[in-house]
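S.K.: Input: one structure, supplied below.
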Amino acid sequence: MASNIGDQKDTTPAFSPRQAPLVLDESSHELGIRNRDDTDFNRTKITQRDLGSLSVIGSLTKVEYGNWAGQEACLLAFRFQFQKGNATAFRFSKADIVIEFQARPPGNPDHDPAVLRYGPKFLRSTGTLEQRGWHYTASLSASAGLAVVEAGPAVEFGRSSFYARQYAAVVESDDWGNRKHRRPNCVKIWMREDDRQEGGIPLELLAAVVVQTDRSFQANVSVRVDSIFNLVAWPWSKDDPLLLEPGVNFGQPLRQGTSNLDFSTITAEEWRQLVTPDLHFR
Numbered sequence: 000m001a002s003n004i005g006d007q008k009d010t011t012p013a014f015s016p017r018q019a020p021l022v023l024d025e026s027s028h029e030l031g032i033r034n035r036d037d038t039d040f041n042r043t044k045i046t047q048r049d050l051g052s053l054s055v056i057g058s059l060t061k062v063e064y065g066n067w068a069g070q071e072a073c074l075l076a077f078r079f080q081f082q083k084g085n086a087t088a089f090r091f092s093k094a095d096i097v098i099e100f101q102a103r104p105p106g107n108p109d110h111d112p113a114v115l116r117y118g119p120k121f122l123r124s125t126g127t128l129e130q131r132g133w134h135y136t137a138s139l140s141a142s143a144g145l146a147v148v149e150a151g152p153a154v155e156f157g158r159s160s161f162y163a164r165q166y167a168a169v170v171e172s173d174d175w176g177n178r179k180h181r182r183p184n185c186v187k188i189w190m191r192e193d194d195r196q197e198g199g200i201p202l203e204l205l206a207a208v209v210v211q212t213d214r215s216f217q218a219n220v221s222v223r224v225d226s227i228f229n230l231v232a233w234p235w236s237k238d239d240p241l242l243l244e245p246g247v248n249f250g251q252p253l254r255q256g257t258s259n260l261d262f263s264t265i266t267a268e269e270w271r272q273l274v275t276p277d278l279h280f281r
């Protein structure tokens, strides 16, 4: 509806945009990671999202088939990277990772792999110390009259000190399955920066999962970070699932020279090597 101001009419349509719309560059759309064919097992690059110098990358580092107390099982290890690059006005303050396992072909929840063990379940970083220094001086005139300030020798007072800033973050995870599943088939991981320090989340997270399965299966991996990253970087096309096949191993075995390992015997130190050996904070 046009509005009258004096004798002049505003012919601008009432519903015309008042701001320039966001135009996406078709050439810059990020394509999901694809499988070459139905036998492209153990794809190393699971997912990758880039925005300028910021990158979120998920990779497969280990697939080992063995057993769990006599039942066929599989150990999988993952690496997640949260690269900041040279970005100064943005950091990753949180990340949500979901790893869902399904039988192939999907459709029968009773055939889906069951999560037996996973890690890290809870991790609170002790932080990384950053030394920062400060120094101040104050100069006072050695001779000053009450009425007139006179120039003269100066006495300088100075003090120096250092303080340590400690970066920290929390990592938590849990298993999950929807109402159709009798046993959990999914692992969810939450990463959060320290609210007081706001120093960002770790540059890298290692995770591992043991599932019980006796058939071909797949893993659907989703990595979501700060909402502004997903908003500005939209749209992302969905990645292909990670295809896995019994007997097709990948990476170094957990114990050299051991085959058909009973994963229920994995020690606490071996789990630490799987999930936390190189946890780096900004």
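Here the sequence shown stands for residues 0 to 281, where the numbers follow numbering that gives the first Met the number 0. We put the CB at the ideal spot given by N, CA and C, even for glycine.
Pick out whichever of D37, R178, M190, I98 has its Cα sitting closest to the Cα of V209.
M.R.: Out of D37, R178, M190, I98, I98 has the C-alpha closest to the C-alpha of V209.
S.K.: Among V170, E63, V247, whose alpha-carbon lies nearest the alpha-carbon of P120?
M.R.: Here the sequence assigns Lys to residue 120, which means Pro is not the residue at that position. If we check each option's Cα against that of K120, V170 comes out closest.
S.K.: By how many angstroms is the C-alpha of G84 removed from the C-alpha of L74?
M.R.: If I take the Cα positions, the gap works out to 32 Å.
S.K.: State the DSSP-derived secondary structure class of L260, mapped to helix, strand or coil.
M.R.: Looking at L260 - three-state DSSP - the assignment turns out to be coil, as it is neither helix nor strand.
S.K.: Which residues does DSSP pair with I56 in a beta bridge?
M.R.: DSSP lists Q47, Q80 as partners of I56.
S.K.: Can you tell me whether R293 is helix, strand or coil according to DSSP?
M.R.: This structure does not reach residue 293, given that the chain is present from 0 up to 281, and the question cannot be answered.
S.K.: If L115 sits next to W67, beta carbons under 8 Å apart, how far is it from one beta carbon to the other, in whole angstroms?
M.R.: The pair is a contact, with the Cβ atoms about 5 Å apart (cut-off 8 Å).
S.K.: Closest to N219 by C-alpha separation, out of P240, I56, K44, would be which residue?
M.R.: Among P240, I56, K44, the Cα nearest to that of N219 is on P240.
S.K.: Take E269 and list the residues in its own chain whose beta-carbon comes closer than 7 Å to its own, dropping the five residues that flank it on each side.
M.R.: Around E269: L253.
S.K.: For Q251, does the three-state DSSP call read helix, strand or coil?
M.R.: The answer is coil: DSSP assigns Q251 none of H, G, I, E or B.
S.K.: Could you tell me which residues DSSP puts in a beta bridge with E171?
M.R.: Per DSSP, F121, W189.
S.K.: Taking 8 Å as the limit between beta carbons, can you name the residues of its chain near Y117, skipping five residues before and five after?
M.R.: Excluding positions up to five away in sequence, the list reads S172, D174, V186, A206, A207, V208, V209.
S.K.: Between C73 and chain B, is there a C-beta pair that is closer than 8 Å?
M.R.: Protein chains in the displayed structure number just one, and chain B is not present.
S.K.: Which whole-angstrom value describes the C-beta separation of I200 and A76, a residue pair presumed to lie in contact below a C-beta threshold of 8 Å?
M.R.: Not confirmed; about 20 Å, so no contact.
S.K.: Can you have a look at V247 and say buried or exposed, based on whether 16 or more other CB atoms are within 10 angstroms of its CB?
M.R.: Exposed is the call here.
S.K.: Buried or exposed: where does Q255 fall if 16 or more other Cβ atoms within 10 Å of its Cβ makes it buried?
M.R.: Exposed is the call here.
S.K.: Looking only at its own chain, which residues have a Cβ that is under 7 Å from the Cβ of A168, when we skip the five neighbours before and after it?
M.R.: Cβ within range, chain order: S124, M190, R191, E192, D193, I200, P201, F280.
S.K.: Please list the terminal residues of the continuous beta strand (DSSP E) segment that includes A206.
M.R.: It spans 203-211 - the beta strand (DSSP E) in which A206 sits, taken as one unbroken run.
S.K.: Output the distance between the C-alpha atoms of D109 and H180, rounded to the nearest integer angstrom.
M.R.: Roughly 7 Å separates the two Cα atoms.
S.K.: Check whether the Cβ atoms of F216 and F100 sit closer than 8 Å, and answer yes or no.
M.R.: Against a cut-off of 8 Å, the Cβ pair of F100 and F216 comes out as a contact.
S.K.: Assuming V222 contacts V55 under a Cβ cut-off of 8 Å, what Cβ separation, rounded to an integer in Å, is found between them?
M.R.: Right, their Cβ atoms sit about 6 Å apart.
S.K.: In the DSSP output, what is S221 paired with across the bridge?
M.R.: V97, per the DSSP bridge assignment.
S.K.: Which residues does DSSP pair with Q70 in a beta bridge?
M.R.: Q70 is bridged to W67.
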